[in-house]
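*Asks:* My questions all concern the structure below.
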Amino acid sequence: METVELEKLKRWFTDYVSGFYSGGQDVYLDKHIRLKEEHTARVCQEMRFILHGLNLSESDGRLAQAAALLHDVGRFEQFRRYRTYADPKSVDHGLLGCQILQQEEALKDIQPQEQEILLQSVRRHGVKSLPTDLDERTALFCKLVRDADKLDVLGLLIDNFTRYYKDPANFDLEVEFADEPRVSAGVLEALHQRQLVDYRQIQTLHDAQLVLLGWVYDINFKPTLARIAEKRYLDTIASFLPNLPEVRSTVERIRNDVRRRLEKD
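Its first residue numbered 1, the sequence shown is counted upward by one per residue in the numbering used here.
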């Protein structure tokens, strides 16, 4: 991807998102649109961090940045229509994002092969696992976006959990799961098997926190894992969890797995 193409996409994205703000008429909508716009900016920053630790060409680096920019483009229309970011309650935001990019002809000046990579990166960034039939180059960019997205979502959700536990009565964002002092056996078992958790098994906030810990098994690049360790995300998430033997052993296993991966050449 050429620099001029990336800059054009940045301008398109800014113009597109600006159309979702109500100008103060709908404070709740404006707040959530701003959250996703700011999330996108941070994912782009995290992408640049990951790229700094990898040996990609400048052209591929720009393509990866474009994928980061566009990955959540479906979120804005999703929230305007359904007032939620929960896909099961509304729509698959990755698929919606692809439809929007095609309807808006946002990628029309980009080479067809790179268009397909961007569409696949948007479509697949939030799925439980990538399909095995993706070609190697497309899979690379999908994995880059998934890593960059996870880095920011981890930080964001940790901040949200911290705010929620500090003052739950005045927490101003959607709380999707029950705040109960338990964890689901299916979630623990998946993590014990070093597998990604089926999101349909999440019943409580603690389940959701364990799922975040399990994301380390879907991290694709060492710079991403190093970033997670540097920011002590795993320790912070663990501090939210109930002090149960089965939880402590799961957390310790995950920490050890991360440590071993980082120590490998």
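Yeah, the Cβ is synthetic: ideal placement off N, Cα and C, and Gly gets one too. Just so you know, these numbers come straight off a predicted model, no measurement behind them.
State the Cα-Cα distance for the pair Glu-77 and Glu-263, rounded to the nearest angstrom.
*Replies:* The sequence position of residue 77 within the sequence shown is 77, counting from 1. The sequence position of residue 263 within the sequence shown is 263, counting from 1. For Glu-77 and Glu-263, the distance between alpha carbons rounds to 43 Å.
*Asks:* Is it buried or exposed for Gln-193, if we count other Cβ within 10 angstroms and need 16 for buried?
*Replies:* Within the sequence shown, the letter at position 193 stands for residue 193. Burial call: exposed.
*Asks:* For Asp-138, which residues does DSSP report across the bridge?
*Replies:* Counted from its first residue, the sequence shown places residue 138 at position 138. In the sequence under discussion, the amino acid at residue 138 is Thr, which differs from the Asp named in the question. According to DSSP, which records beta bridges pairwise, Thr-138 is partnered with nothing at all.
*Asks:* Just to confirm the assignment, what range does the alpha helix (DSSP H) spanning Glu-114 have?
*Replies:* Here the question's residue 114 lines up with position 114 in the sequence shown. From DSSP, the alpha helix (DSSP H) with Glu-114 extends over 112-124.
*Asks:* Can you tell me the Cα-Cα spacing of Asp-167 and His-32, whole angstroms?
*Replies:* Taking the first residue of the sequence shown as 1, we reach residue 167 at position 167. Taking the first residue of the sequence shown as 1, we reach residue 32 at position 32. Using only the alpha carbons, I get a separation of about 20 Å.
*Asks:* Does the distance from the C-beta atom of Val-145 to that of Ser-121 stay below 7 Å?
*Replies:* For the purposes of this step, residue 145 is identified with residue 145 of the sequence shown, where counting begins at 1. For the purposes of this step, residue 121 is identified with residue 121 of the sequence shown, where counting begins at 1. In this structure, Ser-121 lies closer than 7 Å to Val-145 by Cβ.
*Asks:* Do Ile-100 and Val-127 count as a contact pair if the criterion is CB distance below 7 Å?
*Replies:* Within the sequence shown, residue 127 is the residue found at index 127, counting from 1. Within the sequence shown, residue 100 is the residue found at index 100, counting from 1. Contact flag unset, no.
*Asks:* Do you know how far the Cα of Arg-48 is from the Cα of Pro-223?
*Replies:* Start at 1 with the first residue of the sequence shown, and residue 223 comes out as number 223. Start at 1 with the first residue of the sequence shown, and residue 48 comes out as number 48. Going by the C-alpha atoms only, they are around 11 Å apart.
*Asks:* Looking only at its chain, what residues have a beta carbon closer than 7 Å to the beta carbon of Leu-107, apart from the 5 residues adjacent to it on each side?
*Replies:* Position 107 of the sequence shown, counted from the start, is the residue given in the question as residue 107. These residues qualify, in order along the chain: Leu-101, Gln-115, Leu-118.
*Asks:* Grouping DSSP H, G and I as helix and E and B as strand, with all else coil, what is Ala-178?
*Replies:* To locate residue 178, count along the sequence shown from 1; it is residue 178. Here Ala-178 sits in strand by DSSP.
*Asks:* Give me the Cα-Cα distance between Ala-67 and Thr-84, rounded to the nearest whole angstrom.
*Replies:* On the sequence shown, position 67 is the one that residue 67 refers to. On the sequence shown, position 84 is the one that residue 84 refers to. Near 23 Å, if we compare the C-alpha coordinates of Thr-84 and Ala-67.
*Asks:* For Leu-69, which of Asp-159, Val-43, Leu-173, Phe-79 has the nearest alpha-carbon?
*Replies:* Here residue 69 is taken as the residue at index 69 of the sequence shown, counted from 1. Comparing Cα-Cα distances from Leu-69 to each of Asp-159, Val-43, Leu-173, Phe-79, the minimum goes to Val-43.
*Asks:* Measuring only the C-alpha atoms, how far is Glu-38 from Asp-179?
*Replies:* For the purposes of this step, residue 38 is taken as residue 38 along the sequence shown, with counting starting at 1. For the purposes of this step, residue 179 is taken as residue 179 along the sequence shown, with counting starting at 1. One C-alpha to the other measures close to 27 Å.
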